[in-house]
Amino acid sequence: MNFTRWSARLPGTQRRAAARTDPTVSADRRGDGSVPAARAEQLTDEAPPVPAVDDLPVRDVLDRVPALVALVHGPDHRLAYVNDTYVTAFGTPPLGERVAEALPELDALGLFPLLDQVQRSGRPRTLKSRKAPDGRSYTFTCTPVTEGAAGGGRGVLVFATDVTDHAEAAARLRASERRQRETAVTLQRSLLPQELEEPDDLRVAATYHPGGTEAAVGGDWYDVITLGGGRTALVIGDVMGRGVRAAAVMGQLRTAVRAYARLDLPPHEVLQLLDGLATEIDANQIATCVYAIHDPNEGRLVHASAGHLPILVRDENGTVQRADEPTGPPLGTGGWIHTSGSIALTPGSTAVLYTDGLVERRNEDLDEGIAALERALSGATGTPQVVCDRLVRSAGVTPEHDDDVAVLVLQHPARKGAEAERFRNAALELLGGVEAAPRARAFASGVLASWRFPTDLHDLGVLAASELVANSLQHGTPPMRLRLRRTDRRLIIEVTDGDDHLPRRRRAEPGDESGRGIAIVATIASNWGSRRTPGGGKAVWCEFVLPKP
């Protein structure tokens, strides 16, 4: 229903309209009609008068302000006034006294120097969120005021706003962020290796520095994995992003790297598998990574990079070489075929793997940071841990650093004298047919006797070499080679051939004439394995742990 249309017909409507518009209608008639006087006053358009600001009583206003207000005057800051809110918070102070005696609570807040600054400069100053003796937090603003007429003295008006709720909320937020960061750091450190594996031929050390208190922890990680046969895998990576999520993704990638490393694949194939896994873990999360393998028989570091910074290698003369190529895109991007490269790691050399937090600065080019690291590495000598610490110090990494830093240092020591006697190599090319087997047994027996192994270890080594050679002669193709290697901790026997079919351990039936060689080797040796070699072919190896002297 349209009430506007019908309201014009309601009783008294016309009379009220006439009373509003006809000036001849007397006040008595207006009051005598159906419209009350109070109602008539509400229908007028005149607004009530507003008092001017100059007419407001200042003291009454300050007395009713819910903030703390105090007025001091003169160069010696004598108390002239405090409002009721101030009295409620800190009691009634003596007027006319110096602020130091009258308002001791301001001394505890360090407000006296601020009064002097305002007095001298004539400019207001603010002190944010200070906790007072009453347990509440206030923000103090000190404003200069002129007393009396022109040329009068100068005072300071102290105005304190209660910000306790805001301060407590901020404190709770900081505590929550601190707990979250501590959780992420704890998770990050627990996912990193607690103790690095110790390869026979390398000396390694690593360090991890989380970002400063204002930065959430990232996903940097490193690892050292002994592959067997004297070979060692080294990995370092960085998950983009920060917080618990980045640390969790890092843990999954690190676990996957260790699993893929046991397959003894080339570095680029390991990265290929990691790339697919990173996409499955989180399609929006990417990571950079370097995976490298050191083989003491080759004296080189074979590596592949997924968007990571280059490996640096310092030779025994102090010359630093950068392994720039090849580098593929980060893990998690998908659709890319990674490739492997290599760099020499001769005895006496030191290699460094690191994350971008060590070399990247906001106002500097990344190449400048890498060049600075090269200069620091060229003069860094000593153990891997000493080199690690020197590189971190030279990069200016502090507890307040704005990014995570992970560094992995490995050295291939140059051994001399008695130490070199504990690291020996011997190799024999397996030429001909079945007659190569007795030659291999005789060669292994002579080498192990010259290395002065105990009789039982000598006999086990000859048996293992014989079985591996026989397996290669039966199932492999030329070229074939038998290699014996000893370190200070183990004896390694390896046979290579040109066939890439990897052997597997199986249970031979009583009537089978073959199939027992690998089973025998796996039974008598401490460890065994096989892998495909670059360019085709395979290597089958086993190792025996040497008795401690």
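Each residue of the sequence shown is one higher than the one before, starting from 1366 at the first, in the working numbering.
Positions of the beta carbon are idealized from the N, C-alpha and C atoms, including for glycine.
This structure is a prediction, so every number in the text was calculated from the model and none was measured.
Under DSSP, the beta-bridge partners assigned to residue 1593 are 1596. Under the 10 Å beta carbon count, residue 1781 is surrounded by fewer than 16 other beta carbons and is classified as exposed. Using a 10 angstroms sphere on the CB of residue 1866, the tally of other CB atoms stays under 16, which defines it as exposed. The C-alpha of residue 1805 is placed about 45 Å away from the C-alpha of residue 1616. Within the same chain, Cβ atoms closer than 6 Å to the Cβ of residue 1635 are found at 1625, 1656, the five residues on either side in sequence being excluded. As the crow flies, the alpha-carbon of residue 1670 is around 38 Å from that of residue 1882. Looking at the DSSP output, residue 1719 bridges to 1772.
Beta-bridge analysis with DSSP links residue 1603 to 1585, 1653. Of the candidates 1853, 1889, 1543, 1886, the residue whose Cα lies closest to the Cα of residue 1912 is 1853. Its Cα nearest to that of residue 1549, the residue 1614 stands out among 1614, 1566, 1563, 1524. The beta carbons of residue 1552 and residue 1612 sit about 5 Å from each other, so the pair counts as a contact at 8 Å.
Taking all protein chains shown into account, residue 1711 has fewer than 16 neighbouring C-beta atoms within 10 Å of its C-beta and is therefore exposed.
Within the same chain, and ignoring the five residues on either side of residue 1713 in sequence, the residues whose Cβ sits closer than 6 Å to its Cβ are 1681, 1779.
Nearest Cα to residue 1502 within the set 1508, 1510, 1493: 1493.
The stretch 1481–1489 makes no contact with the stretch 1443–1450; the number of CB pairs closer than 8 Å stays below 3.
Burial state of residue 1903 is buried, judged by a 10 Å Cβ sphere holding 16 or more other Cβ atoms. In this structure, the CA atom of residue 1784 is about 23 Å from the CA atom of residue 1820. For residue 1662, there is no enclosing beta strand (DSSP E), as DSSP marks it with neither H nor E. Sequence-distant partners of residue 1462 (beyond 5 residues in either direction) whose C-beta falls short of 7 Å from its own C-beta, in its chain, are 1443, 1444.
In the structure shown, the three-state DSSP call for residue 1685 is strand. If only uninterrupted alpha helix (DSSP H) runs of at least 4 residues are considered, those enclosed by the stretch 1819–1899 are 1820–1840, 1882–1889.
Each residue's CA atom was taken as its position, placing residue 1646 and residue 1750 some 34 Å apart.
The Cβ atoms of residue 1652 and residue 1589 lie no closer than 8 Å to each other. In this structure residue 1837 is buried. Its beta-carbon is surrounded by 16 or more other beta-carbon atoms within 10 angstroms. Annotation: residue 1499 to residue 1475 spans about 15 Å, alpha carbon to alpha carbon. In this structure, DSSP gives residue 1765 a state outside helix and strand, which the three-state scheme calls coil.
Going by DSSP, residue 1613 is part of the alpha helix (DSSP H) stretching over 1609–1626. When Cβ pairs closer than 8 Å are counted between the two stretches, the stretch 1696–1706 is seen not to touch the stretch 1738–1757, the count staying below three. Taking C-beta separations shorter than 7 Å and ignoring five residues to either side along the sequence, the partners of residue 1889 in its chain run 1825, 1828, 1829, following chain order. The distance from the Cβ of residue 1455 to that of residue 1465 is about 14 Å, inconsistent with a contact at the 8 Å cut-off. For residue 1707, the pairing in a beta bridge is given by DSSP as 1667. Taking a C-beta distance under 8 Å as the contact criterion, residue 1599 and residue 1833 do not qualify as a contact pair.
Your pair residue 1776 and residue 1567 checks out as a contact, with CB atoms roughly 7 Å apart and the cut at 8 Å. A check of alpha carbon separations from residue 1434 across 1452, 1421, 1473, 1422 identifies 1452 as the nearest.
In the three-state reduction of the DSSP assignment, residue 1909 falls in the strand class.
Residue 1532 has its alpha-carbon roughly 10 Å from the corresponding atom of residue 1538.
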